[in-house]
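Visitor: So the sequences go chain by chain: A and B.
Just so you know, the first sequence maps onto residues 0 to 823 in numbering that gives the first Met the number 0.
Just so you know, the second sequence maps onto residues 0 to 231 in numbering that gives the first Met the number 0.
Even for Gly, the Cβ is constructed at its ideal location relative to N, Cα and C.
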Amino acid sequence: MMLRHLAAGILLTTTVMLGQAANPTVVINEFVAINDSGLRDNEGDFSDWLELHNYGTETVDLTGAALTDSRKRLAKWTFPETKIEPGQYLVVFMSGKDRRSGDETSHANFALRGKGDYLGLIAGDGETVIDEFAPKYPDQKKDIAFGILPGQAPGQAENLKRGFLAPTPGKTNARPLAGTVKPVKFSEKRGWHEQSFKLALSTKTKGATIRYTLNGTRPTPENGHAYESPVDIAKTTTLRAAAFKKGHKASAPSTRTFLFLNDIVKQSPDGLPPEYFPFTWGDNKVDYGMDQRIVNDPHYAKDLVKGFHSLPSFSLVMNLDHLLDGEKGIYANSEWDGREAERPASMELIHPDGKKGFQIDCGIRIRGGFSRRSSNPKHSFRLFFRDTYGPSKLKYPLFGDNGAKEFDNVDLRTFQNYSWHIGDKERTIFLRDQFNRDLQLAMGQPAARGKFYHLFINGHYWGVFNTCERIKASYGASYLGGKKENYDAIKKGRTYLEDRKMSVGVMANDGNLDAWGRLCDIAREGLESNEAYFKMLGKNPDGTENLDYEGLLEVDNLIDYMLVIFYGGNYDAPVSAWGQNFGPNNWYGLRHRKKRDGFRFFVWDAEHTFRDVREDRTGPFPAGNHYSSSNPQWIWQQCLDNEEFRVRVGDRIQKHFYNGGVLTPEKVLELFQERIDEIEMSVVCESARWGDSGYTPSGGRASTERRPRTRDDDWAREINRLVNDYFPARSEIVLSQLYRHGAISDVTAPAYQFTSDKSQVEVEAENGELFVTTDGTDPRQIGGKPTPSARRIESGKTSLPAGKPIQARAFHKGEWSALVTISE
Amino acid sequence: MQKILLPLAVLAIGLSIPADLFAQESRSNSRRTSIPRPFLYAYPEKPGESPLAEVRKSMLEQFDADKDGFLNKAERNAMRLATKKFSDERHDEIRRARERRDGGREGGSPKPPERWLAAYDKNKNGRFDGDEWDTARGTEIKNVTARYDANKNGKIDDDEKQRLVENLKKNNYNPYDNYIRTIVAGLRGERSGSGRERRSRWKEFDTNGDGKASREELAAIRKYESQAQEKP
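Following this line, the structure appears as structure tokens:
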């Protein structure tokens, strides 16, 4: 943006110092004290700003002149070497960042207050006031400038009238503004409707006109329909409305979606686009239709209706050119990435029971890796909440009471590797990735939460999607505490390391790779000794805390993460079998730089899981042997050299694979059934939308030569395989795989049973002695000796009062069993 | 000899796993390659009723040095190290096969241009070993970044990206420069001469030429379709 403007005229060569001229010709032309969505500074932020104007015929030297918000400190921020030519405008960002560059990237060391305040331009002598708002300017309005009203002859400031204006940084002041028009109100709630109705639109601003669109575009004075009377709504409709009034800033558009099941199930029955939608999506495969073979099948008709009401719905409303246009649409050019591939949109959440959802204006991008290819007609999305569009955060409990309540961004993912719309895979269940994350959460570890939703795009049904939290610094701040600026959020990616003169396959989404590099260096030197291993954890060799050491690893988190990886037989994370286990993929790590916590790892993109029940991903694998391919499984492998780590692995295996633990068949089936129940009905909807996609020609009608994929023929078959064959057998198979890595003791862990009145618990070791504690400590010390506070029961059997947590181990032939923790 | 035969024998067993193995689906769908897949780690191959007990029994036979029917700490560690050794040897085989095929590059990548080999093949064996590849691409990325970073902020901004991509296109870039394009410019899979649009079968009905379906155009298409179906 050109922030210097040469007015028509002659550029003079004489220069006067501001303050030395008899009649200084510089004024504060306008300023914005609450800049939420207007001018960005050179660092991309919406900083407050003010604009100076030289209305004279000589260049004015501002060097040493000052800006201030305090009459007691007139030289609060002084200009570096700066000149302003005749007729020019100079913008200074009032950001507090204090950058003295002498041009349009200058930042003062203070920000402007939205509530009225003093503001002054002071000459180089530090005393002479050139221009000021005294005693203070009036209370300011968001994204509206305050400055010299247009149409006046240029002159000294005290002679000029000022008021609210449309901001024009770097240019002549434009039209005055009296305020912002109040938003449009709707007479009907968004959501599911059965009967047609008349929709009334209104605004509290008297004299305002309302305009609305039905095609997802933003209403403007030039675009849309003028609202004159209530609008007939008799079918699925997305309506955006805004109010306008001369001399006022227009209201932000309000968006509302009204869904009618009767027309949704009949959308594009012949594959043709809906009204307003394009015939082609650039190079991308096109698929619009709802397969009428499913819709009209008496076996599915009722479940289809139930399916649409079984999940909440997201309604994405936007200019379809931004999405589907071959030249500029992000869906049509799905490989595009980054900020330049982000488009404005409205997103609503609609609950089937009418519970309050939300509407938010946001930025949207395409998300994913493999799924971006143009042969895929159903892409994933990533939503960004920025004050460019609306609120800078989504404030809504998107993941329930236990989840975060505020979000900077959210993913709406589809199901890539095992889906109907890519490759027509018969093993599609939609649950692989989500369920792996569920397992990690159920173990008590942080993980990316997710739920299932229907998605509509400008009223057209787009299938079932899965939300997914992103593992970034903001996630760390929400769930682990602290400020997001202090987090390293790392993942598989690509970074050039100057100090190592090499490109590496890991990157920092937030923060940096320094701590990860230190962790890898320590691990590479060897972790067999307790000195090295515990130092990595911020501890002394005896396991006590040492504040001189930083904690680089959360051991239980790493173990639990790897157990989920092994249980799922994860083929593509954190080491990818597609590259013969030489390279990493799909892993995320998070660490707070200033806390004692170490790195934690997160299951991500666990699509290639639950395949062959014999799948063995326990390794060890070469990925990570060079720093370039570092990953958490390599850290695990290095840690396995340490005996204390192996003991801890055995303890976590005992916790999760026995006594109703998360990875026991019973618990896995229970958790899996919850997800089955969540999506079972909605799978019929997905089947109608995408079940035929694998062999439907682009933009065409579904082939009648093959049946579509269905819930009961396809989805249920794979679900049943997992429920009946895979999950019942998988736990013990994984134990047998882990056994070969020396982490499972041959000493059987103690068994326990509560008495019928729950007042006592009987604990028994199958072999050897029993050691128990009730003070929360481990009966085994680091190094292998019994803890002093541990009770030794030679008989191997005892009865203890219930109520306190009990820790127990068996000891036999000089070996300890895994730890058993007994609590009610 | 046994050292060679054992991994080969296990390799043979691994490759004879039944065709209905789920992982076979991925192999059959993947590009043909001479690099063996690590199917050996589908273990246990034939899980019985109690896989853990079966493995325990098998490991006892191999590692119970004092024959007390029980693996102590030292014996378990020996078992662990043997497992590790077996895997290391297996992956060394794979690595050597990859090097023979690719010259040390990432699997499936094209032959590097001569200038890359000249600059980074330190031991002059005609391929990239060890860190040579990482150094090669890292340095190339750095050089390209320096060349196109007009405002010297250490990264390729949007307009700089555009110039980079245009220059690469003009030069009919070598596929290795494609690597630079995707990594430095952050553009994935952009094809030279891309932007081609699938032709819609309904193009002739798009009477106003805006590419979008209007109510009238849809009615005309459906009328045409229904008439086409009625014709004998």
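#1: How big is the Cα-Cα spacing for LYS184 (chain A) and GLY210 (chain B)?
#2: Closest Cβ-Cβ distance between TYR566 (chain A) and chain B: below 9 Å?
#3: Taking CB distances under 9 Å as the criterion, tell me whether TRP115 (chain B) reaches chain A.
#4: Let's test the definition: count the other Cβ atoms within 10 Å of the Cβ of GLY353 (chain A) and tell me whether it reaches 16, buried, or not, exposed.
#5: Could you name the residues of chain A that ALA212 (chain B) contacts, counting a contact when the two beta carbons are closer than 8 Å?
#6: Which ranges would you report for the beta strand (DSSP E) in the segment 792–818 of chain A if only whole runs of at least 3 residues count?
#7: Compute the beta-carbon to beta-carbon distance between ALA242 (chain A) and THR204 (chain A), rounded to the nearest angstrom, for a pair I have assumed lies under 8 Å.
#8: Per DSSP, which one or two residues make a beta bridge with VAL358 (chain A)?
#9: Note the first and the last residue of the continuous alpha helix (DSSP H) segment covering TYR733 (chain A).
#10: Closer than 8 Å is the cut-off here; do at least three beta carbon pairs connect the segment 763–774 of chain A with the segment 808–816 of chain A?
#11: Does the Cβ-Cβ distance between GLY578 (chain A) and LYS490 (chain A) come in under 9 Å?
#12: Look up LEU17 (chain A) in the DSSP assignment and give the residues it is bridged to.
#13: Is the distance from the Cβ of ASN28 (chain A) to the Cβ of THR104 (chain A) below 9 Å?
#14: Do we get a CB-CB distance below 9 Å when we pair ARG221 (chain B) with the residues of chain A?
#15: From the beta carbon of ASN122 (chain B), is the nearest beta carbon of chain A less than 9 Å away?
#16: Report buried or exposed for GLY649 (chain A), applying the criterion of at least 16 other Cβ atoms within 10 angstroms of its Cβ.
#17: Under the rule that 16 or more other beta-carbon atoms within 10 Å means buried, what is SER228 (chain A), buried or exposed?
#18: For ARG189 (chain A) and THR235 (chain A), what's the separation of their Cα atoms in angstroms?
#19: How would you write the range of the alpha helix (DSSP H) that ALA218 (chain B) sits in, first residue to last?
#20: Does LEU217 (chain B) come within less than 9 Å of chain A when only Cβ atoms are used?
#21: LEU238 (chain A) to TYR287 (chain A), Cα distance in whole Å?
#22: Helix, strand or coil: which one does DSSP assign to SER25 (chain B)?
#23: Keeping to the same chain, check which residues put their C-beta closer than 7 Å to that of ASN408 (chain A); ignore five residues upstream and five downstream.
#24: For MET535 (chain A), name the three-state secondary structure that DSSP assigns.
#25: Please tell me whether SER191 (chain B) has its Cβ less than 9 Å away from any Cβ of chain A.
#26: Along the chain, which unbroken stretches of the alpha helix (DSSP H) at least 4 residues long are found entirely within the segment 401–470 of chain A?
#27: Which stretch, first to last residue, makes up the beta strand (DSSP E) that contains VAL91 (chain A)?
#28: How far does the alpha helix (DSSP H) with ALA472 (chain A) in it extend, from its first residue to its last?
#29: Return the CA-CA distance between LYS327 (chain A) and ARG217 (chain A), expressed in angstroms with no decimal places.
#30: With a threshold of 9 Å between beta-carbons, can TYR172 (chain B) be considered close to chain A, or not?
#31: Just the C-alpha distance for VAL180 (chain A) and PHE78 (chain A), rounded to the nearest angstrom, thanks.
#32: Which residue comes first and which comes last in the beta strand (DSSP E) that contains GLN139 (chain A)?
#33: Between the alpha carbons of LYS450 (chain A) and LEU479 (chain A), how many angstroms are there, rounded?
#34: Can a CB atom of chain A be found closer than 9 Å to the CB of GLU229 (chain B)?
#35: Give me the Cβ distance between PRO749 (chain A) and GLU731 (chain A), rounded to the nearest whole Å; I'm assuming they're in contact under 8 Å.
#36: Relative to the C-alpha of PHE598 (chain A), which residue among A:GLY154, A:GLY623 and A:CYS519 is closest?
Guide: With the structure as the only source:
#1: 33 Å
#2: no
#3: no
#4: exposed
#5: By Cβ distance, chain A contributes LEU271, PRO272, PRO273, GLU274, TYR275, PHE276, PRO277 and PHE278.
#6: Counting whole runs of 3 or more residues, the segment 792–818 of chain A contains the beta strand (DSSP E) stretches 796–800 and 805–811.
#7: 6 Å
#8: Note that residue 358 (chain A) is Gln in the sequence shown here, rather than Val. According to DSSP, GLN358 (chain A) bridges with A:GLU347.
#9: The amino acid at residue 733 (chain A) is misidentified as Tyr; the sequence shows Val. It spans 726–738 - the alpha helix (DSSP H) in which VAL733 (chain A) sits, taken as one unbroken run.
#10: yes
#11: No, Cβ-Cβ distance for GLY578 (chain A) and LYS490 (chain A) is not below 9 Å.
#12: For LEU17 (chain A), which the question treats as bridged, DSSP gives no partner whatsoever.
#13: no
#14: yes
#15: no
#16: buried
#17: exposed
#18: 11 Å
#19: 214–229
#20: Closer than 9 Å to some Cβ of chain A, the Cβ of LEU217 (chain B) qualifies, so yes.
#21: 21 Å
#22: Legend: pLDDT at SER25 (chain B) = 33, less than 50; position of this residue unreliable, value from coordinates given subsequently. DSSP places SER25 (chain B) in helix when its eight states are reduced to three.
#23: In the same chain as ASN408 (chain A), and ignoring 5 residues on each side of it, the C-beta atoms closer than 7 Å to its own belong to ARG381, LEU382, PHE383, PHE384 and ARG469, in chain order.
#24: helix
#25: Note that SER191 (chain B) scores a pLDDT of 34, beneath 50, so its modelled location is shaky; the value from the coordinates is reported in the next line. With a threshold of 9 Å between beta carbons, SER191 (chain B) makes no contact with chain A.
#26: 431–441
#27: Segment 88–93, the beta strand (DSSP E) holding VAL91 (chain A).
#28: Element bounds for ALA472 (chain A): 472–478.
#29: 17 Å
#30: Any answer about TYR172 (chain B) is weak, because its pLDDT of 46 lies below 50 and its placement is not dependable; what the coordinates show is given next. By this cut-off, TYR172 (chain B) is not an interface position.
#31: 38 Å
#32: Here GLN139 (chain A) belongs to no beta strand (DSSP E), and DSSP marks it neither H nor E.
#33: 21 Å
#34: No, no contact with chain A.
#35: Not really, about 20 Å apart at Cβ, beyond 8 Å.
#36: The residue with the shortest Cα to Cα distance from PHE598 (chain A) is A:CYS519.
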